[in-house]
């Protein structure tokens with residue numbers, strides 16, 4: 006138990022700040038669609054392919070270097086244009102630009118997302134976050150084991166009685182056991198999205214990992230060059246005919262020669278907010294090249310697709326968003342107080358009494 010306690014305390018003292026950042030930013034981002042207050046953000050979703058195509062043509066004409074468009078959804082009524090180097094814009098569903106930016110720092114939801122997912126450090130930051138998620142799983146498991154010894158003294162408190170080390174440790178222990186199931190779920194789903202081996206272990210009982218990888222991999226397609234004026238209406242109408250119950254979610258333009266146009270849709274039975282139902286069109290003539298139905302994927306792939314909506318509160322309505330908010334705030338509090346008690350409230354070593362003079 007002493008070794009377990011030592012590992013728990015030292016790991017928390019070293020990684021607690023990262024977990025506090027992840028918890029706080031996650032709790033804020035869960036409600037992003039509610040606090041991004043811009044004109045037309047609450048507009049009713051337009052589903053007509055002709056109207057969506059007209060807005061697409063207008064936006065890509067205004068932003069010819071765009072990488073793609075994230076279409077409006079039921080909870081957020083604006084299209085988002087994505088460009089290189091952080092350039093982007095929000096537009097209403099007619100294609101009229103509401104606001105634009107030349108850097109992610111101009112929009113709080115963008116830099117908060119980057120902080121939560123990459124710590125402003127790209128792939129290296131994402132790896133650090135993945136490691137922090139694995140550490141959080143370790144904290145939950147070891148914390149439950151360590152709590153069991155002192156279970157008779159349980160007293161739930163949202164905040165320590167005082168900012169002394171014993172009071173902080175008691176509050177940390179008892180708040181941690183209450184939040185343990187949610188913290189475990191948040192950490193596991195986050196680690197699944199970053200580390201493929203973690204996802205493979207979780208989905209292995211349901212589907213062969215190779216089947217899951219094949220279902221989620223991009224198809225190898227050879228497209229012609231992007232046409233000067235692609236027929237967006239024909240493509241969107243073809244997609245709607247194929248999946249009448251689906252919403253248009255993301256249009257991706259080719260980023261290298263020979264790549265097709267990609268369109269992601271969200272079917273009624275999908276949890277993933279941007280869907281995983283995908284269609285690929287030849288960039289030169291709009292010919293449909295391949296289709297993938299998310300609802301026909303193996304069970305393991307469906308389970309993996311559920312990780313993000315569960316983690317980010319994108320399923321279950323307001324109730325689940327509030328649950329994940331509580332999880333994020335608990336992680337932020339446990340991480341920050343762990344840092345405080347470990348580095349600034351460590352018990353002072355007692356000085357040895359001088360030896361008696363003979």
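In the working numbering, the protein residues as written are 6 to 363.
For glycine and all other residues, C-beta sits at the position ideal for the given N, C-alpha and C.
Since residue i and residue j are thought to touch, with beta carbons under 8 Å apart, how far apart are those beta carbons, to the nearest angstrom?
i	j	result
residue 270	residue 248	6 Å
residue 243	residue 293	6 Å
residue 13	residue 147	5 Å
residue 52	residue 71	Wrong, their Cβ atoms sit about 22 Å apart, outside the cutoff.
residue 114	residue 41	6 Å
residue 98	residue 56	7 Å
residue 337	residue 29	4 Å
residue 26	residue 120	7 Å
residue 303	residue 217	6 Å
residue 64	residue 100	5 Å
So, are the CB atoms of residue i and residue j less than 9 Å apart?
i	j	result
residue 103	residue 45	yes
residue 177	residue 342	yes
residue 266	residue 277	no
residue 339	residue 188	yes
residue 252	residue 76	yes
residue 263	residue 228	yes
residue 332	residue 209	no
residue 138	residue 190	no
residue 297	residue 272	no
Name the two residues that bound the continuous alpha helix (DSSP H) containing residue i.
i	result
residue 174	170-199
residue 271	Element bounds for residue 271: not the alpha helix (DSSP H) but the beta strand (DSSP E), 266-271.
residue 62	54-67
residue 42	No alpha helix (DSSP H) holds residue 42; DSSP gives it neither H nor E.
residue 247	237-247
residue 123	113-123
residue 158	No alpha helix (DSSP H) holds residue 158; DSSP gives it neither H nor E.
Strictly under 9 Å for the Cβ-Cβ distance: is residue i near chain B by that measure?
i	result
residue 249	Here there is only one protein chain, and chain B is not present.
If you draw a straight line from the alpha carbon of residue i to that of residue j, how long is it in whole angstroms?
i	j	result
residue 24	residue 238	45 Å
residue 363	residue 172	Caution applies to residue 363, whose pLDDT of 43 falls short of 50 and renders its modelled position unreliable; the model cannot decide the point.
residue 127	residue 306	26 Å
residue 311	residue 198	10 Å
residue 133	residue 200	11 Å
residue 234	residue 68	13 Å
residue 283	residue 290	18 Å
residue 105	residue 95	6 Å
residue 250	residue 167	55 Å
residue 33	residue 48	22 Å
residue 335	residue 43	30 Å
residue 1	residue 174	With the chain covering only 6 through 363, there is no way to say anything about residue 1.
residue 203	residue 111	35 Å
residue 21	residue 140	10 Å
residue 160	residue 222	49 Å
residue 330	residue 165	20 Å
residue 299	residue 66	31 Å
residue 39	residue 232	37 Å
Tell me where the beta strand (DSSP E) around residue i begins and ends.
i	result
residue 256	252-257
residue 76	Premise fails: residue 76 is in no beta strand (DSSP E) and is neither H nor E.
residue 293	293-297
residue 163	Segment: none, residue 163 is in no beta strand (DSSP E) and carries neither H nor E.
Which residue from the options puts its Cα closest to that of residue i?
i	options	result
residue 328	31, 207, 26 and 61	31
residue 2	306, 58, 68 and 184	What is shown of the chain runs 6 to 363, which leaves residue 2 out entirely.
residue 153	6, 332 and 129	6
residue 259	283, 250, 288 and 97	288
residue 182	108, 197, 168 and 162	162
residue 319	73, 81, 64 and 17	81
residue 322	85, 79, 118 and 205	79
residue 212	308, 155, 298 and 145	308
residue 348	170, 136 and 39	170
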